[in-house]
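A.B. asks: Have a look at this one.
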Amino acid sequence: MNRRTFIIGSAAVTAATMQTSFAQDAYPAHAITIINPFPPGGASDVVTRPLAAVLEPIVHKPVVIDTKAGAAGQVGAQVAAHAKPDGYTLLSHITSISGFAEVDRLFGRQPKFTNADFIPLARFVADPCVLIANDQQPWRTLQDFIDDARKRPNEIIFSSSGLYGALHIPTALLMISAGGLKLRHLPTNGGGPALTALLGNNAAVLVSSVSAAHAQIKAGKARPLALFGAARSKALPEVPTLKESGYDIEYYLWVGLFAPKGTPDNVVTYLRQVLSTAAHSDQYKSALANLGQELDYMDLPEFAAFWAADTKRIEAAIRAIGKAEG
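All letters in the sequence shown, in the order written, are residues 381 to 706 by the working numbering.
Okay, structure coming up:
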């Protein structure tokens, strides 16, 4: 091989290597997977699916929802925490992600993951929860329900998305605030199954997100008794807040998107841009409106600060509840 041939050959190899490098750096190069850690029908599912549909034409790649339910959202979160941090595996999660490590500490277990294992990309909604009863129950007001529960301790069943999950915590806080109300707990593996349990009269009451329960409330199958927000909901303007009834409780079920710790900065920047574009689109806002929801968007810096403060509130609530069984 002469010198000229060697130089040309080396240049070709260098060019090919650079092209390969550029191709590897291009993001996204294939489908993006969003892990939904809850069964279908819960807040994470109903808020994230329309987002994925809007994202696909923006990123020009499939955006796939992968349901990995279990342990009140811990199973899917653990999978995401240990996923390769390349931007191709993201996690949709809700308020309960703020308290998993504290629950482990409460029971003397080593936390499987902590907030530090995730990058909070964006928050989409902050849905005030609502206490609902199924249409077979006699209660018309919150006080009707509380009075009956006081007369029949441990007889009235409430469903939830799982022990210390996002729907168990507000119910437990209400029980504490009402003077130690005693209800029986039917934990399920997500908000969708918890709502199914209510509608099938396997449970009498449920604290749900407004978005997950809105269709059943409109259909008359679920009766709203009280709202956990600071103000009344535009979707349910006739429903009083707990604060109006003298209970100092405020609780929101938010939905956000996370990336594993270590995801490259350029990928995080790209995701922040496309998520903001998708979330603020008329198509996505219309989908939220059909759920009785409004966009309450937070980009990474604001969401990170919010999440840190929310974690302190949720951890305090878990310590107040203490070691719960079933």
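From the three backbone atoms N, C-alpha and C, an ideal C-beta is built for every residue, glycine too. Please read all numbers here as calculations on a predicted model, not as lab measurements.
Less than 8 Å between C-beta atoms, sequence neighbours within five positions excluded: which residues of the same chain meet that for ARG603?
C.D. replies: By one-based count along the sequence shown, residue 603 stands at place 223. Same-chain partners within the cutoff: ILE512, ALA513, ASN514, ASP515, GLN517, TRP519, ARG520, ILE597.
A.B. asks: What is the DSSP secondary structure of ALA546, reduced to helix, strand or coil?
C.D. replies: On the sequence shown, residue 546 is found 166 positions in, with the first residue counted as 1. Here ALA546 sits in coil by DSSP.
A.B. asks: Go ahead and pull the three-state DSSP assignment for PRO620.
C.D. replies: By one-based count along the sequence shown, residue 620 stands at place 240. PRO620: coil per DSSP, three-state reduction.
A.B. asks: Taking the alpha helix (DSSP H) that TYR632 belongs to, which residues open and close that run?
C.D. replies: The sequence position of residue 632 within the sequence shown is 252, counting from 1. Taken as a continuous stretch (DSSP letters only), TYR632 belongs to no alpha helix (DSSP H), being part of the beta strand (DSSP E) at 632-640.
A.B. asks: What separation, rounded to the nearest whole angstrom, lies between the Cα atoms of SER588 and GLY571?
C.D. replies: Against the sequence shown, residue 588 aligns to sequence position 208. Against the sequence shown, residue 571 aligns to sequence position 191. So the alpha carbons of these two residues sit roughly 7 Å apart.
A.B. asks: What does a CB cutoff of less than 6 Å around ASP676 pick up in its chain, not counting 5 residues either side in sequence?
C.D. replies: Your numbering for residue 676 matches position 296 in the sequence shown. Cβ neighbours of ASP676 beyond the five flanking positions: VAL505, ALA506.
A.B. asks: My guess is that ASN582 and LEU607 are in contact by the Cβ rule of under 8 Å, so how many angstroms apart are they, rounded?
C.D. replies: Looking up residue 582 in the sequence shown gives position 202. Looking up residue 607 in the sequence shown gives position 227. Not a contact, Cβ separation roughly 24 Å.
A.B. asks: List the endpoints of the continuous beta strand (DSSP E) containing ALA513.
C.D. replies: For this step, residue 513 is matched to residue 133 along the sequence shown. Unbroken beta strand (DSSP E) run through ALA513: 498-514.
A.B. asks: Which full runs of the alpha helix (DSSP H) of 4+ residues lie inside the region 424-483, going along the chain?
C.D. replies: Segments of the alpha helix (DSSP H) lying fully in the region 424-483: 454-461.
A.B. asks: Give the single residue among PRO533, SER661, ALA574 whose Cα lies nearest to the Cα of GLU674.
C.D. replies: In the sequence shown, counting from the first residue as 1, residue 674 sits at position 294. Cα-wise, what sits closest to GLU674 is SER661.
A.B. asks: Reducing DSSP to helix, strand and coil, say where ALA704 ends up.
C.D. replies: For the purposes of this step, residue 704 is taken as residue 324 along the sequence shown, with counting starting at 1. In the structure shown, ALA704 sits in coil (DSSP, three-state: anything other than H, G, I, E or B).
A.B. asks: Could you check how far apart the C-beta atoms of PRO419 and ALA449 are, in whole angstroms? I think they sit under 8 Å.
C.D. replies: Here residue 419 refers to the residue found at position 39 of the sequence shown. Here residue 449 refers to the residue found at position 69 of the sequence shown. Going by Cβ atoms, the distance from PRO419 to ALA449 rounds to 5 Å, so yes, they are a contact pair.
A.B. asks: Assuming VAL590 contacts GLY467 under a Cβ cut-off of 8 Å, what Cβ separation, rounded to an integer in Å, is found between them?
C.D. replies: Start at 1 with the first residue of the sequence shown, and residue 590 comes out as number 210. Start at 1 with the first residue of the sequence shown, and residue 467 comes out as number 87. About 32 Å separates the two Cβ atoms, so there is no contact after all.
A.B. asks: Who pairs with ALA685 in a beta bridge, going by DSSP?
C.D. replies: Sequence index remark: in the sequence shown, residue 685 carries index 305 (1-based). Its beta-bridge partners do not exist; DSSP assigns none.
A.B. asks: Since ASN534 is in the alpha helix (DSSP H), which residue starts that stretch and which ends it?
C.D. replies: Here residue 534 is taken as the residue at index 154 of the sequence shown, counted from 1. ASN534 -> no alpha helix (DSSP H), and no H or E assigned at all.
A.B. asks: If we cut at 8 Å on Cβ distances, does PHE525 have a partner in chain B?
C.D. replies: Among the chains in the structure shown there is no chain B, since it carries only a single protein chain.
A.B. asks: Using DSSP with H/G/I as helix, E/B as strand and the rest coil, what is SER588?
C.D. replies: Translated into positions along the sequence shown, residue 588 becomes position 208. Strand at SER588.
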